[in-house]
Each structure stands twice: as C-alpha cells, then as structure tokens.
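One structure is given below, encoded as structure tokens.
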Amino acid sequence: MAVKVEELLTADINQPARYLGNELGSTHKPWDEALVRWVLTYPEVYEVGASNLGHIILYNILNAGPRQLCDRAYLPAPDLAAKLRSTKTPLFAVESRRSLTEFDILGFSLSYELGATNILEMLDLAGIPLTWQERATNPQNGQMPLIFAGGQTATSNPEPYADFFDFIALGDGEELLPEIGLILAEGKTNNLSREALLLDLAQIPGVYVPQFYDMAADGSVHPNRPQVPERILRRVATPIPAYSIGLVPYVQTVHDRLTVEIRRGCTRGCRFCQPGMLTRPARDVEPQQVVEAIEQGMQATGHSEFSLLSLSCSDYLALPAVGMEIKNRLKDKNISLSLPSQRVDRFDDNIADILGGTRQGGLTFAPEAGTQRMRDIVNKGLTNEELLRGVKIAVDRGWDKIKLYFMIGLPGETDFDVLGIAETVRWLHRECRIDGRRGLNFNLTISNFTPKPHTPFQWHSVSTAEFSRKQKLLKGEFRGMRGVKVNYTDVRISAMEDFVGRGDRRLAAVVRRAWELGAGMDAWWESLDQAYKAWTQAIDESGLTWKYRQVESGEWNLFEKEEGSSATDSVTDVTDVSPMSVGRREKEDFSNSPDLPLSPSPTLPLSPSPSLPLSLDQALPWDHLDTGIDKNWLKIDLQKALKAATVPDCSFEGCSRCGVCGTDFGHNVVVDALPIPEFAGEFVPNTERKKRLRVWFGKVGDMALVGHLDLIRLFDRVVRRADLPISFTGGFHPNPRISLANALPLGVTSTGEIADFELTESIDIESFREKLAAKLPENIPIYKVESVDLKAPAANQLLEAAEYVITVAVGGSLTENGELDRENSAPVSVAPDANWEAWVKTIIETEAFWRVHTTKSGKTQNVNLRDRLHKLELVEQKPESSTSASGGTSQGRAVLRFTGSCRSDGNLLKPEHIVFMLEQVSQQEIQLLQVERSQLILGYG
C-alpha cells in the first residue's frame with residue numbers, strides 16, 4: 006500500500022522535491038506485473054545518491070529486465086526522518102511510494118567506512134530488524150526483504166558490517182545483479198525458504214553470504230558448510246555507456262551533469278590507492294560508444310555540462326580525440342566538459358583544448374607528496390619536472406586557480422617530506438608567475454593517509470598524534486603565504502576510517518552502538534564533536550579501546566626499527582624526526598634495506614601487539630575475498646616501497662605480475678590514441694533576438710514542491726531537449742533568455758504563471774507550444790502562448806498584481822493559544838457572533854492594518870497591508886464549525902479569493918498577510934491550509 010507522501014511533505018520539509026520520484030528518466034513499472042521487486046537504496050541524501058553513476062547504471066539495467074522492477078530510496082534528511090518517526094510512517098521508495106518492507110530485496114551502496122550508520126538509520130526507519138540474526142528469528146521472516154550491500158567498501162572488507170547483511174555483492178554489478186534477480190525469481194516461484202534461497206545465491210560468483218562463514222580467533226573467515234566456496238570471487242564487467250543516460254533530478258545535485266565512464270580500472274599502481282587495486286584490469290570504452298552516449302545523452306537530458314569519468318582520465322589515450330569530437334558536435338549548444346582529478350604528467354595542450362570554452366571549469370591535480378622520494382615510495386610515477394610542466398601549461402592556457410591534493414602520514418615520511426609540500430607550492434608559485442597577470446591561486450586539500458585493505462600498505466599503521474603534529478608544521482609553514490587556501494582533513498575522521506576499515510566482525514557491535522548514540526554520516530559535517538564522541542563511546546563500551554589507542558599513538562610503522570627483531574634491525578628509522586633536524590637531513594637511501602619477512606618469524610607475534618609489527622603472513626579479515634590481487638605480490642611491492650623503487654604501469658609497459666589478468670578477471674583493454682579532429686571553434690552565443698513569446702503556464706500537483714531556482718533550471722533543460730532556437734545573453738557566462746515573471750512560493754500551486762522566451766528566429770506559435778509542451782512534465786501545463794513586441798517591457802517589469810485562492814480554517818481563540826500579545830497585533834473589535842462573511846466585510850471596511858516589515862538589508866518599516874489589498878471575497882464556507890471564546894459560532898473553514906499587489910520592487914501582498922488581517926478582526930488563530938495562485942496581472946499602461 007502506498008504511503009501518503011503528500012501528507013508528509015508539508016511546508017516544514019526542506020527540498021520536498023527530493024522525495025517525489027517523478028524525475029525525467031525515472032521508471033514506473035506496473036507493480037503487479039513484476040515477479041522480483043528491488044529497491045536500490047543509497048545511504049546518503051538525495052542530492053548525493055541521485056547523481057551517483059553506479060546507482061543510475063544499475064537502476065537502468067534492472068528495470069530493463071523482464072518481470073524485474075527496481076525502485077529507489079535515499080537517506081531522508083533529518084526533518085523528514087523526524088516526521089516519519091513521529092507519524093509512525095515507514096521509509097518508502099520514491100517511485101511506488103511503498104514501504105521498503107513490501108519489496109523482495111534491498112540493495113545498499115557501501116562506499117565509505119563510516120557510511121554503515123546511515124544504512125542502519127534507513128533500516129530502522131523502514132521497520133526492518135538491523136541484523137540477519139534478528140531477521141531470521143523475526144515472526145515475519147518470510148515477508149522480510151533480503152538485505153545486501155555492494156560498493157567499494159563492501160568489496161574491500163565487509164567484515165565490520167557482516168552482521169547487517171544477508172549477502173554482499175563483490176565487484177561490478179552490471180552482470181551480477183541480473184543473475185541474482187534470476188535466482189530470486191526462481192526462488193519465489195518454488196517458494197524457497199530464506200536459507201535455501203541464500204544458499205542458491207552463494208553459488209553465484211561474487212555473492213558472499215556472511216552467515217555461511219565463521220570468524221576464527223585470529224580474525225580470519227572460513228566456511229561453516231561445504232556447499233559454499235572458501236574464497237569469493239570479485240566480479241568484473243565491461244562498462245556500457247548507454248546505461249549512464251538516466252535520471253534528471255529537479256533539485257540541484259552534487260554532480261549536476263551527465264556523466265559517462267570512459268575507462269574502468271587503473272593500473273598505475275599507487276601503493277596507497279585501494280580503487281586502483283580493486284578495479285583491475287583496466288578496461289577502455291570504445292571511443293564511438295562514448296561519443297554516441299554523450300551526444301544522445303545531452304539531447305535526452307538537456308544537461309548543459311557533461312563529465313568523462315575514470316580513475317585516471319588522462320590514461321584514456323583517446324581522450325583528446327573523443328573530447329574534441331564531442332566538442333565539435335555540440336559546438337552550438339553552450340555545453341561544457343569537466344574532468345575529475347587528472348594526472349598532471351599527462352596534462353598537455355590537447356587536453357587543455359577540450360576543457361577550454363566559455364565556461365572554463367576548475368583544474369585538479371594530485372601530486373600526493375611534496376618530495377620526489379615520497380612520490381617514489383608510494384609509486385606515484387610523477388617527477389618534479391612533470392609537475393612543473395603540467396602546471397605551466399595550465400597557467401599558459403588561462404587557468405589562474407588550480408586545486409592540488411596532498412597526503413601526510415605516508416609510510417616513511419619525514420618532517421622534511423611534510424614541509425616539502427609547502428616548498429613545492431612555493432616553488433610552483435615562483436616558476437609559474439606571468440608578468441601582467443594576477444598571481445596563480447592554489448586550493449590545497451591535505452588529507453591524512455589511512456591504510457586500506459588489498460594495497461601494499463595494508464600492513465602499515467598510522468598515528469593520529471603524528472597527523473596532528475604534521476598539520477601543525479604545515480599550518481606554520483603556510484601562514485602568510487599568499488594565493489594559497491589550505492583545507493585539512495579532520496584527524497578524528499581519519500582515525501575512525503582506519504579503525505573501522507581494517508577491522509573484523511567484532512566491530513559490528515561498535516557500528517551499531519555508534520548509530521544508537523547519534524553518529525550518522527550527516528553528523529560528521531554538522532556536529533563532528535557529537536559524532537566523534539558517539540564513536541569513541543561505542544568503542545569504549547565494546548572493550549576494544551586498546552586497539553583504538555594504537556591508532557592514536559601508532560601501532561607500528563614499516564619503516565621503524567623494532568627492538569628484538571633481527572628482520573628489521575637495519576631498516577632506517579625515518580619516522581622519529583624532530584623539527585630541529587629538518588633541513589640538516591639529506592635524502593634517505595633505502596637501497597640497502599633488507600626485505601621484510603615473507604613468512605612467520607619467531608620474533609614477530611601472530612596477534613596484535615602495541616609495540617611490534619604483525620607478520621605479513623598473519624591472516625587478515627579480508628583474506629577470503631578473491632579480488633585477483635596476489636597477496637604475495639603485495640608483499641613484494643611493499644619491499645619495493647621500502648627501497649623507494651617504482652613499478653611501471655602495466656597498461657603501457659611490462660606486466661607487473663599482480664595476479665589479476667586471467668580467465669576470472671580478464672585482461673587490460675587499452676584503446677590507442679586516435680587522430681584529433683580539427684577544432685571547429687568555441688561556442689559563440691547567438692544573442693540575436695528575433696521573437697519574444699509569452700507563455701502562460703501552470704504549476705500544479707506535485708510540481709508545486711519544485712522550487713523557483715529549480716524551475717528555472719528545468720525550463721533551461723526543456724528548451725535544450727525541445728531544440729528550440731533560444732537566444733543567449735552575452736558575456737563570459739551566456740545564459741538562455743528565459744524570464745519568469747515572479748517567483749512562486751514553494752508548495753503553492755498555480756494556474757496563472759508567466760514566462761518570456763526570446764528566440765533567435767521567428768517560429769510558429771503553435772509549433773513552439775507543441776515542442777515545449779512535449780518536453781515539460783505533465784503537471785506544468787501550458788494554457789496560452791502569444792507573441793510580444795521585442796521592445797515591450799518584460800513580464801516581470803509589467804507585473805502589478807496577483808490573484809490567489811486560499812483555504813483557511815479557525816484554529817481556536819488567540820487568547821486560548823497565548824497569542825493575543827503577538828508582535829504587530831492590533832485587534833479590531835467585531836461582534837461576538839461574527840463569521841467569515843463578517844470578518845471579510847470588516848477587513849474591506851478597515852482602512853489600516855499595520856505590520857512591521859524587515860527589508861533584505863535589515864531595515865524595518867511600518868507597512869499598511871490594507872493599501873496592498875485590491876479585492877477580497879468569500880467564495881465558499883465549509884460545513885464544519887467552531888465556537889469562539891466569546892460564545893459566538895463561526896464557520897470552521899472558508900475559501901477566499903483575493904487580489905493584491907505583486908510588484909518586482911517588493912510591494913507584495915502575500916497569503917500570510919490575509920491570515921494576519923483575519924486574525925486581527927476575529928481574534929482567532931487562523932490556519933492557512935491551501936494556497937493557489939490563479940493569475941498574475943500585468944499592467945500594460
């Protein structure tokens with residue numbers, strides 16, 4: 006049964022359009038015709054989840070399957086979450102508006118170590134028991150949906166979250182999820198039990214069912230029955246760009262653009278980078294598929310910007326050719342291209358050519374470390390010369406703001422390396438200065454390194470105390486440096502990421518308790534102190550405080566000398582460097598460092614110790630996951646890191662023997678560089694104005710919940726999709742000449758809105774109307790279109806008044822409600838038995854209703870609202886009644902129509918003002934139940 010969402014989305018709910026589920030690209034399949042009903046649930050607010058490419062791709066793929074229905078759900082904002090709890094309404098899927106418990110399967114994206122608390126929040130709001138153990142013993146077990154997780158963190162190390170999920174989907178989901186759907190359909194047809202269904206799912210490569218595995222004392226995980234595999238394979242799929250074309254949200258999202266993947270996987274081999282290890286092999290998308298997806302997607306969505314996505318876009322050798330081809334094809338559309346963080350060593354004039362234009366976006370590079378030695382240790386594959394060349398090209402091509410990413414706390418890092426970050430920025434400033442131009446500005450993000458599973462540094466340990474000290478060093482060094490803005494990751498977040506990210510099943514209780522104490526994801530940004538307190542209290546209560554203290558002080562360091570360990574006796578100690586020694590120390594030489602032990606050593610314990618490192622052969626909580634990366638290769642690569650030795654990119658040079666390439670995971674697929682098409686020229690905005698059309702339209706139904714700025718963006722995209730010849734403004738940021746007469750308040754319906762469209766060519770009015778109406782949502786009807794002289798004032802300049810129809814109700818005596826002495830109250834005497842008709846008449850006959858108005862600048866002025874009221878009439882009285890404090894009887898509800906000032910200079914009469922006047926004459930609390938703007942009135946002089 007559908008949830009009555011319209012009753013939840015009242016005026017106190019922010020951005021209600023998040024929850025409508027009727028965006029362009031949304032799929033509404035008949036409920037009764039589906040055999041398997043999915044919900045892809047993204048444990049973040051809508052603005053983040055709806056723009057996630059993986060979420061969109063899997064949603065499109067599942068809905069393309071026969072008898073499969075896929076809906077969506079997102080983490081509700083705190084205001085709606087509170088209302089769901091207070092009204093005892095379960096969390097719902099946005100399209101069908103049905104409770105999540107009515108579906109067969111719920112899939113969560115787990116892409117961040119601390120994101121599991123949001124998943125628990127969503128399960129709780131849906132009324133679903135949090136753990137598989139609780140669901141198994143629940144009397145409604147047979148009706149409970151299966152709960153699973155996918156995403157990078159789920160694939161990397163699902164053990165801290167294993168209790169919460171019935172199964173985990175490892176790796177790429179494009180082929181895996183449809184296979185799961187087939188098993189579910191067969192299971193429903195045969196009426197399988199939950200356990201039998203999970204056992205069938207466990208036979209699919211890539212499906213890990215935690216309840217069929219137990220954790221040993223050393224944290225390792227092993228099957229508890231013979232029917233399941235000892236190790237679970239990560240799935241690998243080929244990207245399909247066509248499935249990227251999908252949702253076009255009404256509200257502005259985090260990535261408000263069309264995104265198409267050009268390359269999946271990265272073989273650069275950065276030793277800190279988990280995505281680079283978990284997405285191998287590299288798979289380039291055929292250039293023609295990319296070009297067609299972008300061209301079709303921009304037409305279908307109406308976006309003004311697109312992004313080409315990859316872990317390393319510049320390693321897609323066809324990028325300059327593909328980018329130029331798309332830019333030429335969309336030359337007349339005012340389209341811009343953005344790229345994520347790029348390899349600065351591959352940034353050149355060809356890439357700069359495809360990024361330039363009328364809306365030149367930002368540029369982001371990630372040197373990661375401030376010295377060559379550190380970049381070699383992490384296998385960044387970047388020299389100072391390449392860094393300087395890339396930044397210089399950017400400056401020469403017109404960029405004056407560049408974002409740089411660095412990390413601190415990397416293995417083997419000295420204070421010399423930390424301060425090298427500031428020295429690198431100072432050097433780039435000096436070398437890239439151009440006479441006659443304003444200086445180059447850098448926006449730096451300095452994050453704290455946290456070791457990740459399945460990387461060579463997974464055996465390393467961090468020290469949050471060292472993070473804090475090194476941040477302090479850098480803050481002192483950057484103080485006073487001009488043209489630099491520095492952002493630091495909070496040390497406490499990094500500590501929790503490390504603690505949870507490499508934990509075992511014991512941490513499930515910590516995650517749950519942290520959620521109970523209020524540690525949601527939103528709390529990290531809105532109240533970090535509260536979230537951190539919740540996590541630390543949860544750790545204390547779990548009895549794992551000793552383990553967390555090692556994160557604070559540094560459990561062990563691969564580069565530190567350990568007393569009593571012959572295996573590491575001669576490894577140079579490069580972590581204990583006092584600030585006084587900085588500047589005297591030369592570059593360290595690791596060429597003579599011995600290998601780390603590759604087998605259990607009698608001097609290295611097999612259990613955690615605050616003082617000694619673990620054996621590299623000790624079992625890890627994620628060893629039962631077969632990601633393709635050979636653990637022995639990680640050990641060997643770790644030894645190379647100790648010697649600051651680099652490993653080449655196997656996509657372009659020799660194989661590094663990581664273990665991925667083969668039957669299970671495939672091989673690198675690399676598309677060669679292509680000839681770059683001749684540049685057809687930048688977009689030149691057509692500023693001609695040959696025709697102005699004035700459109701009268703409505704905003705009815707759930708479109709009333711779309712805000713004014715979102716409506717402007719909607720019209721921009723509709724005009725693009727309809728391919729109408731819209732005129733553009735000039736300047737550096739040309740915009741379409743679309744002008745709305747007046748902003749309609751959120752939640753108010755209307756049948757009388759007005760918009761002006763200026764066109765570059767004369768077009769038949771009826772043809773314009775048909776094209777525009779075909780691309781508009783059905784709840785934005787067009788009533789009339791007429792031609793207007795280009796020299797005539799715009800509608801917003803002619804606007805004089807607006808007519809509203811409002812529904813109001815008596816809420817009780819103002820005296821009873823304690824509101825008689827409210828600000829601006831000036832009671833007007835009326836007869837005790839007054840009713841709506843008498844109150845309306847009294848307002849009409851009264852000369853003044855004074856109210857204090859505060860302007861945008863903060864100034865206050867007394868305003869006579871009666872001067873702004875042109876007409877007021879009672880349309881209808883409802884049958885219910887209420888008794889006033891004086892004993893008189895008045896009709897409980899009424900429908901009123903009024904016309905009042907509505908001018909662009911701020912001279913407005915709002916529905917709330919009519920309520921104010923009614924309360925003055927009635928001395929009753931008046932509730933505003935419904936508002937509709939029936940027309941805007943233009944003054945033609």
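All the letters of the sequence shown, read from the start, carry residue numbers 6 to 946 under the working numbering.
C-beta: ideal position from N, C-alpha, C; glycine also.
Given the structure is predicted, the values throughout are model-derived calculations rather than measurements.
Query	Result
Taking only heavy atoms of the ligand NAP into account, decide whether any of them is closer than 7 Å to the Cβ of K480.	Among the ligands in the structure shown, none appear at all, so the ligand NAP cannot be discussed.
Taking 8 Å as the cut-off, decide whether the C-beta atoms of E373 and V383 are in contact.	yes
In the DSSP assignment, the beta strand (DSSP E) including G112 goes from what residue to what residue?	110-114
Would you call C275 buried or exposed, if buried means 16 or more other Cβ atoms sit within 10 Å of its Cβ?	buried
Could you pull the DSSP bridge partners for W701 from this structure?	I759, K789
Mind checking which residues open and close the alpha helix (DSSP H) that includes H918?	916-927
Using the C-alpha atoms, what's the distance from M303 back to Q623?	51 Å
How many Å lie between F108 and S198 at the Cα?	16 Å
Say whether the region 906-923 touches the region 846-857, bearing in mind that this needs 3 or more beta-carbon pairs closer than 8 Å, one atom from each stretch.	yes
Per DSSP, S744 is paired with what?	D761
Leaving aside the five residues before and after N869 along the sequence, list all residues of the same chain whose C-beta is less than 7 Å from its C-beta, in chain order.	A853, F854, W855
When burial is assigned at 16 or more other CB atoms within 10 Å of the CB, is G120 buried or exposed?	buried
For Q294, which of S249, V936, C666 has the nearest alpha-carbon?	S249
Locate the alpha helix (DSSP H) running through K93, then write down its first and last residues.	It is not in any alpha helix (DSSP H) - K93 carries neither H nor E in the DSSP assignment.
Would you report the Cα separation of Q20 and I413, rounded to the nearest angstrom?	38 Å
At what residues does the alpha helix (DSSP H) containing I407 begin and finish?	Note, I407: premise wrong, no alpha helix (DSSP H); beta strand (DSSP E) at 406-413.
Assign E200 to buried or exposed, taking buried as 16 or more other Cβ atoms, counted over all protein chains shown, within 10 Å of its Cβ.	exposed
What ranges does the beta strand (DSSP E) occupy inside the region 159-219, keeping only unbroken runs of at least 3 residues that lie completely in it?	172-174
If we call anything under 8 Å between Cβ atoms a contact, is W43 one with D76?	yes
Is the region 348-358 touching the region 317-336 in the sense that three or more CB pairs, one from each, lie closer than 8 Å?	yes
Hey, I267 and L313 are a contact pair by Cβ (cut 8 Å); roughly how many whole angstroms apart?	5 Å
Could you give the distance in angstroms between the alpha-carbon of A797 and the alpha-carbon of V675?	58 Å
Between the alpha carbons of F454 and K338, how many angstroms are there, rounded?	42 Å
Using DSSP's beta-bridge definition, name the partner residues of K876.	T904
Assign D578 to one of three DSSP states: helix, strand, or coil.	Caution applies to D578, whose pLDDT of 34 falls short of 50 and renders its modelled position unreliable; the value that the coordinates give is listed next. The answer is coil: DSSP assigns D578 none of H, G, I, E or B.
Which of the three DSSP states is assigned to H672 in this structure?	coil
Locate the alpha helix (DSSP H) running through V256, then write down its first and last residues.	Unbroken run through V256: none, as it is neither H nor E.
What residues are listed by DSSP as bridge partners for D631?	L238
Consult DSSP for G54 and reduce its assignment to one of helix, strand or coil.	helix
Following the continuous beta strand (DSSP E) through R42, name the residue where it begins and the one where it ends.	41-47
Using a Cβ-Cβ cutoff of less than 6 Å, which residues in the same chain neighbour A154 once the five nearest sequence positions on both sides are dropped?	F113, L115, F170, I173
Let's see if you can read the secondary structure: which residues bound the alpha helix (DSSP H) around Q542?	533-547
Taking buried to mean at least 16 other C-beta atoms within 10 Å of its own C-beta, is H459 buried or exposed?	buried
Find the nearest neighbour of I717 within the set E164, R742, W841, judged by alpha-carbon distance.	R742
Would G375 and K408 be called neighbours here (beta carbons separated by less than 8 Å)?	no
Smallest Cα separation from Q4: which of N912, E850, E878, K883?	Only positions 6 to 946 of the chain appear in this structure, which leaves residue 4 out of reach.
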